[in-house]
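Student:
Residue numbers (UniProt numbering): 1 to 303.
1. Among all the DSSP beta bridges, which residues are the ones paired with residue 210?
2. Secondary structure at residue 204, three-state DSSP: helix, strand or coil?
3. Curious, which full-length alpha helix (DSSP H) runs of at least 4 residues does the region 3-31 contain?
4. Would you kindly report the start and end of the unbroken alpha helix (DSSP H) that includes residue 282?
5. If you draw a straight line from the alpha carbon of residue 20 to that of residue 222, how long is it in whole angstroms?
6. Taking the C-alpha atoms as reference points, what is the distance between residue 67 and residue 81?
7. So what's residue 102 in DSSP terms, helix, strand or just coil?
8. With residue 124 as the anchor, note down where its alpha helix (DSSP H) starts and where it stops.
9. Measuring straight from C-alpha to C-alpha, what distance separates residue 280 and residue 214?
10. State the DSSP-derived secondary structure class of residue 293, mapped to helix, strand or coil.
11. Looking at the structure shown, is residue 174 part of a helix, part of a strand, or coil, going by DSSP?
12. Start and end of the beta strand (DSSP E) containing residue 81?
13. Quick one: give me the first and last residue of the beta strand (DSSP E) that residue 191 is part of.
14. Kindly list the residues whose CB is nearer than 6 Å to the CB of residue 190, restricted to its own chain and excluding five residues on each side of it in sequence; keep chain order.
15. Please confirm whether residue 139 and residue 177 have their CB atoms less than 8 Å apart.
16. May I have the straight-line CA-CA distance separating residue 5 from residue 268, to the nearest angstrom?
17. Would residue 304 be called buried (16 or more neighbouring beta carbons within 10 Å of its own) or exposed?
18. CA-CA distance, residue 194 and residue 25?
19. Just reading off the alpha helix (DSSP H) that residue 48 is part of, what are its end residues?
20. When you compare each of 211, 212 and 260 to residue 229 by their alpha carbons, which one comes out closest?
21. For the alpha helix (DSSP H) containing residue 69, name the first residue and the last one.
22. Tell me which residues share the same chain as residue 41 and place their Cβ nearer than 6 Å to its Cβ, disregarding the 5 neighbours each side in the sequence.
23. If you run the structure through DSSP and keep just helix, strand and coil, what is residue 221?
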């Protein structure tokens with residue numbers, strides 16, 4: 001299959017990246033400023049918040065304030081993670097444009113992290129999806145540990161495909177396949193995708209690859225060759241996985257854009273604007289910028 005002519009980037013940094021911050025609570029005004037900066041780069045889809053229990057994810061306790069404070073740009077979808085009905089209610093009150101539910105392809109991962117089976121976790125999502133649809137809000141479905149689990153090791157493509165199939169049948173309009181601990185390789189990525197696309201149309205499949213082992217860009221190219229045209233990424237490589245020692249975070253949006261530009265694949269996103277934003281948020285968080293492209297190109301001061 002030929003490469004896609006256009007790819008949609010789903011920016012995960014404000015939600016997936018900041019909720020794993022290790023340098024203390026990221027101020028609400030910094031989160032708002034990050035989203036506003038990203039909104040001006042040409043991105044059309046930003047994961048802005050996570051409406052989960054502050055007991056478990058204290059970094060995201062200001063989701064409502066963040067959503068109230070951002071300057072919403074025309075044509076940009078601002079989404080939020082909502083694992084349960086309480087979270088959905090809060091997200092709808094905050095006027096999110098889309099919500100997401102998050103399942104796992106590994107039984108061991110599901111049991112260790114949310115103390116229930118995969119089947120039980122999916123059952124919990126049904127009322128959330130139904131309630132979101134009743135309000136005219138779309139639901140995105142995430143499948144984690146699609147190429148490896150920190151507890152059970154290998155995860156079969158068939159298991160990934162079954163979870164993705166169920167999320168689609170429950171009403172998720174798009175399924176994002178996540179290599180949560182970043183252990184996958186290009187051949188694994190292709191085999192996993194081959195299994196999933198038996199049940200989920202290619203145009204409804206997104207990929208979400210972490211770069212722990214430095215394989216994310218190679219894995220992305222492998223699935224681009226198969227026609228995948230939706231990529232999750234995080235500015236400056238924000239994020240990480242607490243279950244993988246040395247995890248380096250999500251694949252950097254800057255690095256993804258550089259790859260796509262080199263392949264003549266359109267995104268509508270300004271690479272230099274993303275680079276500048278990545279340096280800014282890295283400075284705010286007092287962390288090293290995780291993008292190789294950003295470090296090579298450097299910041300350019302805006303007039």
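For glycine and all other residues, C-beta sits at the position ideal for the given N, C-alpha and C.
Tutor: Taking the structure as given:
1. 250
2. helix
3. If we require 4 residues or more, the region 3-31 turns out to have no alpha helix (DSSP H) run fully inside it.
4. Here the alpha helix (DSSP H) through residue 282 covers 271-285.
5. 28 Å
6. Distance from the CA atom of residue 67 to the CA atom of residue 81, rounded to whole angstroms, is 13 Å.
7. strand
8. 118-134
9. 24 Å
10. helix
11. In this structure, residue 174 counts as strand in the three-state DSSP scheme.
12. 77-81
13. According to the DSSP assignment, residue 191 belongs to no beta strand (DSSP E) but to the alpha helix (DSSP H) extending over 186-196.
14. 222
15. No, the Cβ-Cβ distance between residue 139 and residue 177 is not below 8 Å.
16. So the two alpha carbons sit approximately 12 Å from each other.
17. There is simply no residue 304 to check, as the chain begins at 1 and stops at 303 in what is shown.
18. 40 Å
19. No alpha helix (DSSP H) holds residue 48; the beta strand (DSSP E) holding it covers 45-50.
20. 260
21. Looking at the DSSP string, the run of the alpha helix (DSSP H) that includes residue 69 is 63-69.
22. 269, 270, 273 and 274
23. helix
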